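Colleague:
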Amino acid sequence: MKQKIVFATNNAHKLEEVAAMLGDAYEVLSLRAIGCNEDIPETADTFAGNAMLKARYVKEHYGYDCFADDSGLEVDALGGAPGVYSARYSGGGSEENMAKLLQNMAEENERGAQFRTIIALLIGEDSQLFEGIVRGHITRERKGEGGFGYDPIFVPEGYDLTFAELGSEVKNRISHRAKAVEQLVVALKQKN
Ligand code: IMP
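Going left to right, the sequence shown walks through residues 1451 to 1642 as our numbering numbers them.
1) DSSP has H1587 in a bridge; who is on the other side?
2) Where does G1646 land, buried or exposed, given buried means 16+ other C-beta within 10 angstroms?
3) Exposed or buried, what is M1548 when buried is set at 16 or more other beta-carbons lying within 10 Å of its beta-carbon?
4) Among residues of its own chain, excluding the 5 on either side of M1502, which ones have a beta-carbon nearer than 7 Å to its beta-carbon?
5) Mind checking which residues open and close the alpha helix (DSSP H) that includes S1480?
6) My understanding is that V1534 touches G1522, with C-beta atoms under 8 Å, so please give their C-beta distance in whole angstroms.
7) Just how far apart, CA to CA, sit R1561 and R1590?
8) Compare the Cα-Cα distances from E1575 to each of C1516, D1474 and D1495 and report the closest residue.
9) Expressed to the nearest angstrom, what Euclidean distance is found between the alpha-carbon atoms of A1475 and E1510?
10) What's the C-alpha gap between L1479 and F1565?
11) Within the stretch 1469-1519, note down every full beta strand (DSSP E) run reaching 3 residues or more, in order along the chain.
12) Do the stretch 1622-1637 and the stretch 1578-1585 make contact, defined as three or more Cβ pairs closer than 8 Å?
13) Within 10 angstroms of the Cβ of N1500, are there 16 or more other Cβ atoms? Answer buried if so, exposed if not.
14) Report the rounded CA-to-CA distance for K1639 versus D1601, giving the unit in angstroms.
15) Pair every Cβ in the stretch 1602-1619 with every Cβ in the stretch 1548-1557, then say whether three or more of these pairs are closer than 8 Å.
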């Protein structure tokens, strides 16, 4: 029988991606699938802290083995901001977030940045963290229509196009999330 594990998200795209990589060994359940409709607090000031908060919440309230992710953009010249505050950087949506970031970087020539994901896994008595990072730089203007969040202003190392221009096939191979998920999948397959 397939082992059930919860991915503490309702993002269908993320769920499908992980379920496909895990193959037959696990049945991956969303928050909605286990009847968890409340907003899980994300009050920590690190990615690892927030990922662990979400995973613990599910384990404690619903009893399932679980993994949870938290990610964001860290800009070198801004001391790692917006970091854990990436989604709420401007108080508006993605367009406003990018506008604020470009504004804060207007006079800056050092444009290095990275996307980072942490996944926290709670399975049986074990807890583990996995990290994925993709380095790159912040452009001077938005380019491309694909992706989400800060994709139109981030060019990954080794490429001349933004994540939004590169498209999901390339992005899903080289992204921070893909790198963290690869490690999660290796660990889960070893446990099964
Ligand atoms: P989450 O933890 O994956 O939901 O990411 C939090 C926020 O970080 C998102 O709302 C985006 O603003 C930003 N972010 C995370 N991953 C990406 C990405 O792959 N592309 C663009 N923005 C991202």
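For glycine and all other residues, C-beta sits at the position ideal for the given N, C-alpha and C. Computed from a predicted model, the values in this text were never measured in an experiment.
Modeller: To lay it out plainly:
1) Your numbering for residue 1587 matches position 137 in the sequence shown. Within the DSSP bridge table, the entry for H1587 names G1562 and V1605 as partners.
2) Because the chain in this structure spans residues 1451 to 1642, residue 1646 falls outside the shown range and cannot be described.
3) Here residue 1548 corresponds to residue number 98 of the sequence shown, with the count starting at 1. Around the C-beta of M1548, 16 or more other C-beta atoms lie within 10 Å, and the residue is accordingly described as buried.
4) The residue you call residue 1502 lines up with position 52 of the sequence shown. Within the same chain, M1502 has close Cβ partners A1570.
5) The sequence position of residue 1480 within the sequence shown is 30, counting from 1. S1480 -> no alpha helix (DSSP H), and no H or E assigned at all.
6) Reading the sequence shown from its first residue, position 84 is the one you call residue 1534. Reading the sequence shown from its first residue, position 72 is the one you call residue 1522. Indeed they touch by this definition, with Cβ atoms about 6 Å apart.
7) Here residue 1561 refers to the residue found at position 111 of the sequence shown. Here residue 1590 refers to the residue found at position 140 of the sequence shown. Going by the C-alpha atoms only, they are around 9 Å apart.
8) By one-based count along the sequence shown, residue 1575 stands at place 125. Of the listed residues, the one whose Cα sits closest to E1575 is C1516.
9) For this step, residue 1475 is matched to residue 25 along the sequence shown. For this step, residue 1510 is matched to residue 60 along the sequence shown. In this model, A1475 and E1510 are separated by some 24 Å (Cα to Cα).
10) For the purposes of this step, residue 1479 is taken as the residue at position 29 of the sequence shown. For the purposes of this step, residue 1565 is taken as the residue at position 115 of the sequence shown. Cα to Cα, L1479 sits roughly 26 Å from F1565.
11) Counting whole runs of 3 or more residues, the stretch 1469-1519 contains the beta strand (DSSP E) stretches 1476-1479.
12) With the cut-off at 8 Å, the stretch 1622-1637 and the stretch 1578-1585 touch.
13) For the purposes of this step, residue 1500 is taken as residue 50 along the sequence shown, with counting starting at 1. Under the 10 Å beta carbon count, N1500 is surrounded by 16 or more other beta carbons and is classified as buried.
14) Along the sequence shown, one-based indexing puts residue 1639 at 189. Along the sequence shown, one-based indexing puts residue 1601 at 151. Near 31 Å, if we compare the C-alpha coordinates of D1601 and K1639.
15) They touch, by the three-pair rule.
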